[in-house]
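Numbering (our numbering), first residue to last: 460 to 521.
Where a beta carbon is used, it is the ideal one built from N, C-alpha and C, also for glycine.
Quick notes on the structure that follows.
Here's what the structure looks like:
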């Protein structure tokens with residue numbers, strides 16, 4: 460297969476793609492950012508709990 464044929468076929472396949480609208484992209488991006496924020500907050504809380512627990516254990520000399 461020649462490079463020209465390959466590029467023509469690539470263009471044909473890209474023409475078949477249903478690209479998302481701007482609104483869909485913005486909505487998905489906001490969803491990802493919100494989800495990422497929630498997960499980050501969850502791990503921050505878990506980290507704080509373990510930090511306090513370990514500090515308590517170390518102070519007790521257990």
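*asked:* For residue 471 and residue 504, what's the separation of their Cα atoms in angstroms?
replied: Rounded to whole angstroms, residue 471 to residue 504 spans 50 Å at the Cα level.
Query raised in the report: To which residues of the same chain is residue 499 closer than 7 Å at the C-beta, ignoring the five residues directly before and after it?
Result: The beta carbon of residue 499 is closer than 7 Å to none in its chain, skipping five residues each way along the sequence.
Mapping the DSSP letters down to three states, classify residue 507 as helix, strand or coil. Look at residue 507 here: in three-state DSSP terms it is helix.
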